[in-house]
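Please read the structure below before turning to the comments.
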Amino acid sequence: VVEDDPTVRLMVVTALNDWGYGMIQTSSAHEAIPVLRSDAQIDLLLTDVGLPSINGRQLAEIARQFRPGLRVLFMTGYAEKAAMRGEFLDAGMDLVTKPFTLDGLSAKIREMLKSGG
623 VVEDDPTVRL
633 MVVTALNDWG
643 YGMIQTSSAH
653 EAIPVLRSDA
663 QIDLLLTDVG
673 LPSINGRQLA
683 EIARQFRPGL
693 RVLFMTGYAE
703 KAAMRGEFLD
713 AGMDLVTKPF
723 TLDGLSAKIR
733 EMLKSGG
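So this is what it looks like as C-alpha coordinates:
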(Lines of atoms letter the chains of each structure in order from A and count residues from 1; the text may use other names and numbers.)
(Lines give C-alpha, C1' and ligand atoms only; values in the text may rest on other atoms or scores of the structure.)
Protein backbone atom coordinates (compact mmCIF):
# COMPACT_ATOMS: atom_id res chain seq x y z
CA VAL A 1 0.00 0.00 0.00
CA VAL A 2 1.49 3.32 -1.10
CA GLU A 3 -0.56 6.31 0.07
CA ASP A 4 0.72 9.70 1.22
CA ASP A 5 -2.47 10.67 3.07
CA PRO A 6 -2.10 9.06 6.53
CA THR A 7 -5.87 8.95 7.12
CA VAL A 8 -6.58 7.12 3.86
CA ARG A 9 -3.57 4.83 4.39
CA LEU A 10 -4.76 3.91 7.90
CA MET A 11 -8.28 3.18 6.65
CA VAL A 12 -7.03 0.98 3.80
CA VAL A 13 -4.42 -0.85 5.90
CA THR A 14 -6.94 -1.50 8.69
CA ALA A 15 -9.44 -2.89 6.19
CA LEU A 16 -6.82 -5.09 4.51
CA ASN A 17 -5.81 -6.47 7.92
CA ASP A 18 -9.46 -7.13 8.76
CA TRP A 19 -9.86 -9.00 5.45
CA GLY A 20 -6.84 -11.18 6.24
CA TYR A 21 -4.35 -9.70 3.78
CA GLY A 22 -0.74 -9.17 4.71
CA MET A 23 0.76 -5.96 3.45
CA ILE A 24 3.64 -3.55 3.56
CA GLN A 25 2.70 0.12 3.81
CA THR A 26 4.66 3.16 2.73
CA SER A 27 3.85 6.85 2.39
CA SER A 28 5.81 7.53 -0.80
CA ALA A 29 7.16 5.97 -3.96
CA HIS A 30 10.68 6.56 -2.66
CA GLU A 31 9.91 4.34 0.36
CA ALA A 32 8.17 1.75 -1.81
CA ILE A 33 10.92 1.22 -4.41
CA PRO A 34 13.34 -0.65 -2.09
CA VAL A 35 10.46 -2.90 -0.99
CA LEU A 36 9.55 -3.60 -4.61
CA ARG A 37 13.21 -4.42 -5.35
CA SER A 38 13.36 -6.84 -2.40
CA ASP A 39 12.41 -10.50 -2.39
CA ALA A 40 9.21 -9.81 -0.42
CA GLN A 41 6.14 -11.57 -1.78
CA ILE A 42 3.98 -8.93 -3.43
CA ASP A 43 0.84 -10.03 -5.25
CA LEU A 44 -0.67 -6.58 -5.78
CA LEU A 45 0.56 -3.00 -5.65
CA LEU A 46 -2.16 -0.73 -4.26
CA THR A 47 -1.06 2.85 -4.83
CA ASP A 48 -2.40 6.36 -4.88
CA VAL A 49 -1.98 8.07 -8.26
CA GLY A 50 -1.30 11.52 -6.83
CA LEU A 51 1.88 10.81 -4.89
CA PRO A 52 4.45 13.60 -4.52
CA SER A 53 7.68 13.44 -6.54
CA ILE A 54 7.09 10.08 -8.28
CA ASN A 55 3.39 9.53 -9.02
CA GLY A 56 1.61 6.20 -8.76
CA ARG A 57 1.69 5.51 -12.51
CA GLN A 58 5.45 6.13 -12.61
CA LEU A 59 5.85 3.88 -9.56
CA ALA A 60 3.97 1.11 -11.35
CA GLU A 61 6.37 1.37 -14.31
CA ILE A 62 9.36 1.15 -11.96
CA ALA A 63 7.80 -1.76 -10.07
CA ARG A 64 7.23 -3.73 -13.25
CA GLN A 65 10.91 -3.42 -14.14
CA PHE A 66 11.61 -5.62 -11.10
CA ARG A 67 8.33 -7.52 -11.10
CA PRO A 68 6.99 -7.97 -14.63
CA GLY A 69 3.27 -8.63 -14.62
CA LEU A 70 2.73 -7.24 -11.12
CA ARG A 71 -0.95 -6.42 -10.64
CA VAL A 72 -1.50 -2.75 -9.84
CA LEU A 73 -4.61 -1.13 -8.39
CA PHE A 74 -4.56 2.66 -8.46
CA MET A 75 -6.53 4.87 -6.08
CA THR A 76 -7.35 8.34 -7.38
CA GLY A 77 -9.48 11.28 -6.44
CA TYR A 78 -9.24 12.67 -9.95
CA ALA A 79 -12.32 11.94 -12.04
CA GLU A 80 -10.45 12.73 -15.27
CA LYS A 81 -8.05 9.86 -14.55
CA ALA A 82 -11.02 7.54 -14.25
CA ALA A 83 -12.30 8.80 -17.59
CA MET A 84 -8.91 8.05 -19.20
CA ARG A 85 -8.91 4.40 -18.06
CA GLY A 86 -7.99 3.02 -21.47
CA GLU A 87 -5.04 5.36 -21.95
CA PHE A 88 -3.81 5.17 -18.35
CA LEU A 89 -4.07 1.44 -17.62
CA ASP A 90 -2.03 -1.41 -19.00
CA ALA A 91 -2.91 -5.10 -18.66
CA GLY A 92 -3.10 -6.18 -15.03
CA MET A 93 -3.95 -2.66 -13.86
CA ASP A 94 -7.20 -1.18 -12.60
CA LEU A 95 -8.41 1.90 -10.81
CA VAL A 96 -10.76 2.86 -7.99
CA THR A 97 -11.94 6.44 -7.62
CA LYS A 98 -11.92 8.15 -4.22
CA PRO A 99 -14.05 8.27 -2.29
CA PHE A 100 -14.54 4.52 -2.62
CA THR A 101 -16.42 2.14 -0.37
CA LEU A 102 -14.51 -0.53 1.50
CA ASP A 103 -16.84 -3.13 -0.02
CA GLY A 104 -15.97 -1.85 -3.48
CA LEU A 105 -12.26 -1.90 -2.71
CA SER A 106 -12.50 -5.43 -1.31
CA ALA A 107 -14.36 -6.67 -4.39
CA LYS A 108 -11.84 -5.07 -6.75
CA ILE A 109 -8.87 -6.57 -4.87
CA ARG A 110 -10.46 -10.04 -4.86
CA GLU A 111 -11.25 -9.76 -8.56
CA MET A 112 -7.69 -8.72 -9.43
CA LEU A 113 -6.05 -11.41 -7.30
CA LYS A 114 -8.38 -14.11 -8.64
CA SER A 115 -8.13 -13.18 -12.30
CA GLY A 116 -4.54 -12.08 -12.35
CA GLY A 117 -5.51 -8.53 -13.17
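Under the working numbering, the first residue of the sequence shown is numbered 623, with each subsequent residue one higher. All residues carry an ideal CB built from backbone N, CA and C; glycine is no exception. Computed from a predicted structure; not experimentally measured.
- Query: When the distance is taken between beta carbons, is threonine 669 closer than 8 Å to valine 718?
  - Reply: Looking up residue 718 in the sequence shown gives position 96. Looking up residue 669 in the sequence shown gives position 47. No; because the gap between Cβ atoms is not below 8 Å, this pair is not in contact.
- Task: Could you have a look at leucine 742 and say whether DSSP puts it in helix, strand or coil?
- Result: A query on residue 742 cannot be resolved here, the shown segment of the chain reaching from 623 to 739 and no further.
- Task: Put phenylalanine 722 into one of helix, strand or coil per three-state DSSP.
- Result: As a working mapping, residue 722 is identified with position 100 in the sequence shown. The answer is coil: DSSP assigns phenylalanine 722 none of H, G, I, E or B.
- Message: Would aspartate 626 and proline 674 qualify as a contact pair, given that the criterion is a beta-carbon distance under 8 Å?
- Response: Position 4 of the sequence shown, counted from the first residue, corresponds to residue 626. Position 52 of the sequence shown, counted from the first residue, corresponds to residue 674. Contact flag set, yes.
- Task: Classify arginine 693 as buried or exposed, calling it buried when 16 or more other Cβ atoms lie within 10 Å of its own Cβ.
- Result: Position 71 of the sequence shown, counted from the start, is the residue given in the question as residue 693. Burial call: buried.
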